[in-house]
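One structure is given here, and the rest of the page talks about it.
There are 2 protein chains.
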Amino acid sequence: MRKVFQEELTQVGDDLIEISKLVHEAITKATTSFEGADVDLAQDVIAADARIDFLQNSLDERAIDILALQGPVASDLRMIVGSLRMSASLERMGDLARHVAQLARLRYPATVIPASLTQTFKAMAQHDIEITAKVIELLETRDLEVARDILKINIAVDDLHLSVFKAIAAPEWNESPSTTVDVALASRYFERFADHGVSVARKVTYLVTGEWQPEGF
Amino acid sequence: MRKVFQEELTQVGDDLIEISKLVHEAITKATTSFEGADVDLAQDVIAADARIDFLQNSLDERAIDILALQGPVASDLRMIVGSLRMSASLERMGDLARHVAQLARLRYPATVIPASLTQTFKAMAQHDIEITAKVIELLETRDLEVARDILKINIAVDDLHLSVFKAIAAPEWNESPSTTVDVALASRYFERFADHGVSVARKVTYLVTGEWQPEGF
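Protein chains in written order, with full-length UniProt numbering: chain D, 1 to 217; chain X, 1 to 217.
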């Protein structure tokens, strides 16, 4: 019984890693479609999001079955409950990658972002991709150094997000209202994506250390 | 033991209702501060959000204790896990009410929304307030008619949200880029707020019927 239980716990961890890898693929493809106005790739991301949602549901069902059949306590219990929270964050990251792809599809054949902000968005997207790679590494290794990296990258994303809003408010901004809205929403999607990565990092840190650090760490 | 367990389950349900009432107060005050550029009221909402976050954490800890000490199964287990999900939705609704209040504070003494969209935002905000009132009623009564009402109101919110984006894209729109961004973000906050109300409605429906209805019901 004990051996089965450990296998099931490991399976939940593997499910989280699998979902993270799909999220990494989603944000990478979404970014490429967004930067290059590639409508086919955008369509791929939008279609693939259903798979992430399905895996999240499967993981949640598996976690609930473990709770019902094994009655885990202490750190095992917290790991299961933490997995439910992390799967929700990962699922939301998949949604946000889909939103980025949907913007690319909506504005095709034009690109969403005006030339003046191309580099800013490229940096923000690269940070999000890196955060997702770090999330995978963190789930695989539980190395808290990786969790700290995620927090640092998130600060860089927040700074870029603020710089987008400053650019929009500057006197020289002369884009159309629709472009202005697209830029603001896209920036918010990338920023929220990073926030969810931080949620996962904080949750893993909590599971490893047993201490909640609401102020960042 | 069994009696204590039932009391603890009831307590989790009561906690959810208490958080919902705070969210109702938050969105009501946030809306008033937003419509009337009332910076003191906005400040109240921003400060009060910490209380919602605290109660969510307490509820989650209580739920985890119940899982550890009582080992609930079947419908009791699903109710506990469902409560963890619902508390996350309610906490996020509190965040979004805070974001609305933060916009009001940022633009004070001006109002956030231009006159042409005042009525649209008033309607959207009223729908969000009504959704929150229905969430409280749903948690208190488990009446699935109320859950269906929430879905209907959410469709109205989505329609208003779309109409905001159409207004921004129309040739006669001549607001500043900053106002354009504020309008887009505010509309998204109200729309996401309603979505989380729908998540709670769907979760309660699932707990009552045992069936998941991903397409709405």
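Even for Gly, the Cβ is constructed at its ideal location relative to N, Cα and C.
Tell me whether the beta-carbon of Val81 of chain X lies closer than 8 Å to the beta-carbon of Leu144 of chain X. Looking up residue 81 of chain X in the second sequence gives position 81. Looking up residue 144 of chain X in the second sequence gives position 144. No, these two residues do not count as a Cβ contact at 8 Å.
Residues of its chain near Arg142 of chain D, where Cβ-Cβ distance is below 7 Å and the 5 sequence neighbours each way are ignored: For this step, residue 142 of chain D is matched to residue 142 along the first sequence. For Arg142 of chain D, where only same-chain residues beyond five positions count, the Cβ hits under 7 Å are Val204 and Val208.
Cβ contact (3+ pairs, closer than 8 Å) linking the region 53-65 of chain D and the region 124-138 of chain D: no
Output the boundary residues of the alpha helix (DSSP H) element that contains Thr111 of chain D. In the first sequence, residue 111 of chain D corresponds to position 111, counting from 1. Where Thr111 of chain D is concerned, there is no enclosing alpha helix (DSSP H), given that its DSSP letter is neither H nor E.
Going along the region 161-179 of chain X in order, which residues come within less than 8 Å of chain D, judged by CB to CB distance? Phe165, Ile168, Ala169, Trp173, Glu175, Pro177 and Ser178
Alpha-carbon spacing of Leu38 of chain D relative to Lys29 of chain D, whole angstroms: Residue mapping note: residue 38 of chain D aligns to position 38 of the first sequence, counting from 1. Residue mapping note: residue 29 of chain D aligns to position 29 of the first sequence, counting from 1. Correcting the residue identity first, residue 38 of chain D is Asp in this sequence and not Leu. Distance between the alpha carbons of Asp38 of chain D and Lys29 of chain D: 9 Å.
Entirely enclosed alpha helix (DSSP H) segments - the UniProt domain "PhoU" (17-103) of chain X, minimum 4 residues: 39-70
Is Ala50 of chain D near the ligand NAD, going by C-beta to nearest heavy atom under 7 Å? Of the ligands one can find in the structure shown there are none, so the ligand NAD has no counterpart to examine.
Note down the Cα distance separating Ser87 of chain X from Leu59 of chain D, rounded to an integer number of angstroms. In the second sequence, the residue the question calls residue 87 of chain X occupies position 87. In the first sequence, the residue the question calls residue 59 of chain D occupies position 59. So the two alpha carbons sit approximately 19 Å from each other.
Report back the beta-carbon spacing between Ala147 of chain D and Leu160 of chain D to the nearest angstrom; my notes put them in contact at under 8 Å. Here residue 147 of chain D corresponds to residue number 147 of the first sequence, with the count starting at 1. Here residue 160 of chain D corresponds to residue number 160 of the first sequence, with the count starting at 1. Wrong, their Cβ atoms sit about 21 Å apart, outside the cutoff.
C-alpha distance - Ile27 of chain D paired with Ala97 of chain D, whole-angstrom precision: Against the first sequence, residue 27 of chain D aligns to sequence position 27. Against the first sequence, residue 97 of chain D aligns to sequence position 97. If I take the Cα positions, the gap works out to 5 Å.
Answer with buried or exposed for Lys152 of chain X, where buried requires no fewer than 16 other C-beta atoms within 10 angstroms of its C-beta. Locating residue 152 of chain X in the second sequence gives position 152, counting from the first residue. Exposed, by the Cβ-count rule.
Is Asp15 of chain X helix, strand or coil when you go by DSSP? Taking the first residue of the second sequence as 1, we reach residue 15 of chain X at position 15. Residue state, collapsed to three classes: helix.
Nearest-angstrom Cα separation, counted from Glu140 of chain X out to Leu22 of chain D: As a first step, residue 22 of chain D must be located in the first sequence, where it is residue number 22. As a first step, residue 140 of chain X must be located in the second sequence, where it is residue number 140. The alpha-carbon atoms of Leu22 of chain D and Glu140 of chain X are separated by roughly 39 Å.
The alpha helix (DSSP H) with Ser178 of chain X in it runs from where to where? On the second sequence, position 178 is the one that residue 178 of chain X refers to. Start and end: Pro177 to Thr209.
Taking three-plus beta-carbon pairs below 8 Å as touching, is the region 181-193 of chain D in contact with the region 156-173 of chain D? yes
Determine the direct distance from the alpha carbon of Phe190 of chain D to that of Ala42 of chain D, and round the result to whole angstroms. Counted from its first residue, the first sequence places residue 42 of chain D at position 42. Counted from its first residue, the first sequence places residue 190 of chain D at position 190. Distance between the alpha carbons of Ala42 of chain D and Phe190 of chain D: 16 Å.
Inter-residue Cα distance where the pair is Ile129 of chain X and Ala133 of chain D: Indexing the second sequence from 1 puts residue 129 of chain X at position 129. Indexing the first sequence from 1 puts residue 133 of chain D at position 133. Near 39 Å, if we compare the C-alpha coordinates of Ala133 of chain D and Ile129 of chain X.
Judging by CA-CA distance, which residue of X:Ala110, X:Met93, X:Gln11 and X:Gly71 is the nearest neighbour of Val45 of chain X? Mapped onto the second sequence, residue 45 of chain X falls at position 45. Nearest C-alpha to Val45 of chain X: X:Met93.
How big is the Cα-Cα spacing for Ala201 of chain X and Leu84 of chain D? By 1-based counting over the second sequence, the position of residue 201 of chain X is 201. By 1-based counting over the first sequence, the position of residue 84 of chain D is 84. Between Ala201 of chain X and Leu84 of chain D, the C-alpha separation is close to 19 Å.
Let me know the secondary structure DSSP gives Glu130 of chain X once reduced to three states. To locate residue 130 of chain X, count along the second sequence from 1; it is residue 130. Helix, per DSSP.
Is there a Cβ of chain D sitting closer than 8 Å to that of Ala184 of chain X, yes or no? Residue mapping note: residue 184 of chain X aligns to position 184 of the second sequence, counting from 1. So, interface residue.
Enumerate in chain order the residues of its own chain whose CB-to-CB distance from Gln70 of chain X is below 6 Å, with the five nearest sequence positions on each side excluded. Working through the second sequence from its first residue, we reach residue 70 of chain X at position 70. Excluding positions up to five away in sequence, the list reads Phe5.
For Arg62 of chain X, the nearest candidate out of X:Asp15, X:Val100 and X:Tyr206 (CA to CA): Translated into positions along the second sequence, residue 62 of chain X becomes position 62. The option with the nearest alpha carbon to Arg62 of chain X is X:Asp15.
Residues in its own chain within less than 7 Å of Gly216 of chain X by CB, not counting five upstream and five downstream? Counting from one through the second sequence, the residue named residue 216 of chain X turns up at place 216. Confidence is the limiting factor: at Gly216 of chain X the pLDDT is only 42, short of 50, which leaves the residue's position unreliable, though a coordinate-based value still follows. Excluding sequence neighbours, Gly216 of chain X sits near Leu151.
What separation, rounded to the nearest whole angstrom, lies between the Cα atoms of Met79 of chain X and Glu172 of chain X? In the second sequence, residue 79 of chain X corresponds to position 79, counting from 1. In the second sequence, residue 172 of chain X corresponds to position 172, counting from 1. So the alpha carbons of these two residues sit roughly 51 Å apart.
So Val135 of chain D and Gly210 of chain D are in contact, right, with Cβ under 8 Å, and what is the actual spacing, rounded? Counting from 1 along the first sequence, the entry for residue 135 of chain D is found at position 135. Counting from 1 along the first sequence, the entry for residue 210 of chain D is found at position 210. The Cβ separation is near 21 Å, so there is no contact.
Closest residue to Phe34 of chain X among X:Pro177, X:Pro109 and X:Leu162 (Cα-Cα distance): By 1-based counting over the second sequence, the position of residue 34 of chain X is 34. Residue X:Pro109 is the option with its Cα nearest to Phe34 of chain X.
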